[in-house]
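Protein chains in written order, with this note's numbering: chain A, 1 to 306; chain B, 1001 to 1306; chain C, 2001 to 2306; chain D, 3001 to 3306.
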């Protein structure tokens, strides 16, 4: 089992792979971008892909949403989340006063801004493609310090000069695990999430209301809705939606069919257990048993014995 | 084939039976009330019942709606409509000046009020259980004149002293033909109506909106909605609803199942061709073919090959 | 103070007038029809009109709704309700076995059907324009018995041969009191009802939803909705609506303006205290104070100091 | 007039300032981040701020939305848009074969990926804080080439080695111009946009529907809706919304008041002319004249002369 993840080694995504407790013989393979990690699953270089989906600070990771929506052949099978805690990593023996240049992913700078102003007001910020890359540059002697997770220190033989240097102590990132669509999907639980991308036929007033009504009329809560540009022009959009429940649930299945009928295009991205364990709210009248009873009743009416 | 109708002979309902062009060996049997005519079908005394459903002047005929909803075992199979034109019927030789007492159903008085004030301002109005009964009383010498359809003159050996005495020249009544629910229902056409009674679970704000949304989200037009008391107390209601389409239409079937899930009780009263021939409006995305395509797509998604 | 009511003496409507506890010098004047009673107020023959509005058995009284909607110059100022209890009234000395012909309003027959079948199975039913009229005919010796309220016995010098002969012990009728629209309307209380008639511009799918949304978006409960024919043709409708609250409530006023903008025509029929005393539900965000705070906020935004 | 913009010199934002045709004596001052440029307006260092708002490729610029929403004292007064066209800039005399290291903002790499693979497959990518910064590094001899707009070449004394190196020829970015909220807002035109941030009181099913209904019931089209994390925890959101129309339009003002009543918090971000010139759709029944007529009608009803 090979896991393709957004690398390099030492990123939070690698830590996310570890948190999934993969089998002992699993191999985690870093890729330089979200798109590369996902392509590896599509082409069979890897069986699973692990990429960030949503940050409590930055919101949806657009590279992930856009690649899953535009590409094909993949389904989300699981999700996990990690608290995002930054440390300042240096070569052994470096003191704060020695740090003239510090690097990391641009989001690392954004999330550690107050600490940097207070403790390294004069250090140059050198943006890097990832926090792992920043750590690698420190190890190679090309940077004095890197902002990264503490777990990256071991990977690159660095020291933790300062821990918990992030401004917001509650920052969390959610990661998704994708698999080829030909594999069997995870079975429904009572705590699932379904992700879908919906393309409107036009943008008449109320088109978005129509989409949301397909969920609301069946008592399905949404946890995310995001208009995303299709890339063609400003103002041309699709909607990325996370809802509660599983495509095997009767109410979710019927809502998906409703979307399919009213939208120009619907891309199903997967149904999978939520990592927060929050149970799906089932409004009275929307359980599988109630759907089945209604279907049996309709069949009797249509046969003329109702 | 026996047709039980709201009698006696000489009523508009009898004319409605004739307009249905029943088979040559059919027999039309008058009953004294809507309830009695419908019971005759339930008990097997008749194969069909014909009763008024809606008047363009008075609206829904509550006796018909309430009996169909409260009772069981019947389905509407057809509808027909008649213009409502009143004549003043008398014994041969009667002149206007001879008319001291005129009778008819209370609605006849309501629909001929202006003519009566202008031409018989001093005549006593004697309400009767039906217009046919009024004609019978004239024939028996107990009334001077009756308001009824011209066709009643022949039945009772009366003359038409004045025709078209109604105030509103466009009055129309719609009649329904009911059959035992064990009989096969009429096949779908492209111009059907479906009648249903829906009982709410409670009257929270928005309960009615929920019901209507089950129709609207599937593009189904309503032609009638009527809150009707359940008879238990003021403010306890059910809703009588006529919508476009047939229960065999995918969108109508799904809407019926939706009603069944959100309502305390749903009574299906029948799907049948409209007498006005107006074609059902099918909103894009709600045809049977689009429902079938969406179901096939969902099946592929659930199998993991979508 | 003259009260025009649906007569004659001895009807439930007269009892409704008494239940209103009119001033000592008030005079109650019977009129032969709902329309005549309402016209009396329009023409100044009376200061108030009292007519039935809704029966727990028959539903909305269409004559009242249609006259108030079609006419002008009147507003509902109050409502009251009475339990509907029938008695069998006869001349003194009459025994059950003597009753060959019994009369009353057609609804009286409908509401006493079981008692009549059990105790007077062979008596002829003679429909009358009102229960009071039936009692008058008994007093005049032209009928053996009348179905009417017990209070009618005293009016016509009759005896109560049997009391509580109605089938449904909970039947109730609601009556409204109307006044000229030039009079000041009743002040808002916390338990008001507002009646309105709304004419659609067309019957596209969702037109009714649009109307209901004007209420729902502002948290206003509806207690009645009724499609009523305009009289022009089958399928041409207006909607009679009762909602909670008073036109002086901010949320009701804004909803009325919304109706006015989306409908072809809106007829306001009045805001008045409910006779059942049920307090208006005020959803969070819809109180007068919250409307006022929002208006003040908007004014600041528009001034550029928000 | 001082314009604070997202710098440094040579960025697309600087080009956006130029496209606004500022007065001759205007000064454009670069700031290192969106937050710094906006703060400059809040503190009076500048009279206007110009920052990117939306990219046709990446969507909403979260730094801009989040700063405008969290901060206070600013209003959007205008918007402008620019096609995003990248060039490869080098020192004079550099040939493609000499380029070992190329830099730019991470989005520049994302938007030129195909050209880079085809023409510079072996060059190292060195992410920079902005395209202008990359150009500066080339001028300083620390990078071989930069991806930036052609207009940056002149600023830094560089040559255009290759033009139009971006993959998507239609990429466009929209920029907004902000001013202190104490200044008079732009007057309404017939082609306005209004931006607002709405915080839900809770996330019950249908909370988002409630917000959207406040717009839909008044016929207001939305052009953007985006759930954005509040930063407190995953799944805690506000909604950033762009709608058609101006806060001085009656329908928009009423919708804003509705939002204010149903939301925990509403931040008005501005009403301003659209740069695409698309005229606001005004649904029948929602013009200022119709709102005024409805208000006059309501006033008459409340006075009792309606």
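Heads up, the beta-carbon is just placed ideally off N, CA and C, and yes, glycines get one too. If you're wondering where the values come from, they're calculated on a predicted model, not measured in any experiment.
Residue 1319 of chain B, enclosing beta strand (DSSP E) - first and last residue
Past the edges of chain B, shown from 1001 to 1306, lies residue 1319 of chain B, and the structure says nothing about it.
Residues of chain C with CB under 9 Å from residue 3042 of chain D, in chain order?
Within 9 Å Cβ-Cβ: nothing; residue 3042 of chain D doesn't reach chain C, min ~15 Å.
Under 7 Å Cβ to Cβ from residue 1220 of chain B, same chain only, skipping five residues before and after it: list those, please.
1243, 1244, 1245, 1251, 1252 and 1255
Suppose you measure from the CA of residue 3027 of chain D to the CA of residue 3017 of chain D; what does that come to, to the nearest Å?
10 Å
CA-CA distance, residue 1008 of chain B and residue 1045 of chain B?
17 Å
Going along chain B, which residues have a C-beta under 9 Å from residue 256 of chain A?
1294, 1297, 1298 and 1301
Going along the segment 3259-3275 of chain D in order, which residues come within less than 7 Å of chain C, judged by CB to CB distance?
3260, 3261, 3262 and 3268
Residue closest to residue 2247 of chain C, alpha-carbon to alpha-carbon, out of D:3177, D:3140, D:3067 and D:3297
D:3297
Nearest CA to the CA of residue 128 of chain A: which residue from A:137, A:100 and A:122?
A:137
At which residues does the beta strand (DSSP E) containing residue 2094 of chain C begin and terminate?
Careful: residue 2094 of chain C lies outside any beta strand (DSSP E) and carries neither H nor E.
By alpha-carbon positions, which one of A:57, A:80, A:287 and A:281 ends up nearest to residue 178 of chain A?
A:80
Tell me, please, whether the CB atom of residue 1332 of chain B is closer than 9 Å to any CB atom in chain C?
Only positions 1001 to 1306 of chain B appear in the structure, and residue 1332 of chain B is not among them; the question remains open.
Measure the CB-CB distance between residue 1273 of chain B and residue 1078 of chain B and report whether it falls below 9 Å.
yes
Cβ of residue 177 of chain A less than 9 Å from any chain B Cβ?
no
Where the segment 3120-3138 of chain D meets chain A: residues whose CB sits under 8 Å from a CB there
3125, 3127, 3128 and 3129
Do residue 2063 of chain C and residue 2035 of chain C have their C-beta atoms closer together than 9 Å?
yes
Would you report the Cα separation of residue 1058 of chain B and residue 3300 of chain D, rounded to the nearest angstrom?
32 Å
Report yes if the CB atom of residue 3042 of chain D is closer than 9 Å to the CB atom of residue 3093 of chain D, and no otherwise.
no
For my contact list, residue 3261 of chain D and residue 2216 of chain C are in at a C-beta cut-off of 8 Å; report their separation, rounded to the angstrom.
Contact flag wrong, Cβ pair sits at about 14 Å.
Where do the ends of the beta strand (DSSP E) carrying residue 3175 of chain D lie?
3172-3180
Run through chain C and tell me which residues come within less than 7 Å of residue 1226 of chain B, C-beta to C-beta.
2226 and 2227
Is it buried or exposed, residue 1075 of chain B, if we count other Cβ atoms within 10 angstroms and call 16 or more buried?
buried
Alpha helix (DSSP H) runs wholly inside the segment 1112-1197 of chain B, at least 4 long, in chain order:
1113-1119, 1131-1139 and 1151-1156
In the DSSP assignment, what are the bridge partners of residue 1226 of chain B?
B:1240 and C:2226
Looking at the secondary structure, which residues open and close the beta strand (DSSP E) in which residue 80 of chain A lies?
74-83
Going by DSSP in three states, residue 1058 of chain B sits in which element: helix, strand or coil?
coil
Mind checking who residue 974 of chain B pairs with in its DSSP beta bridge?
Only positions 1001 to 1306 of chain B appear in this structure, which leaves residue 974 of chain B out of reach.
Beta strand (DSSP E) containing residue 2029 of chain C: first to last residue?
2027-2031
Between the segment 3086-3107 of chain D and chain A, which residues of the former have CB atoms less than 8 Å from a CB of the latter, in chain order?
3106
With DSSP collapsed to three states, give me the class of residue 1300 of chain B.
helix
Taking the CB atoms as reference points, tell me whether residue 2087 of chain C and residue 2172 of chain C lie closer together than 9 Å.
no
If you compare alpha carbons, which of D:3002, D:3304 and D:3056 is closest to residue 3023 of chain D?
D:3002
Kindly list, in the order they appear in chain D, the residues whose Cβ is closer than 7 Å to that of residue 206 of chain A.
3216
Identify whether residue 1039 of chain B lies in helix, strand or coil by the three-state DSSP scheme.
helix
State the Cα-Cα distance for the pair residue 226 of chain A and residue 2168 of chain C, rounded to the nearest angstrom.
57 Å
For residue 2010 of chain C, the three-state DSSP class (helix, strand or coil):
coil
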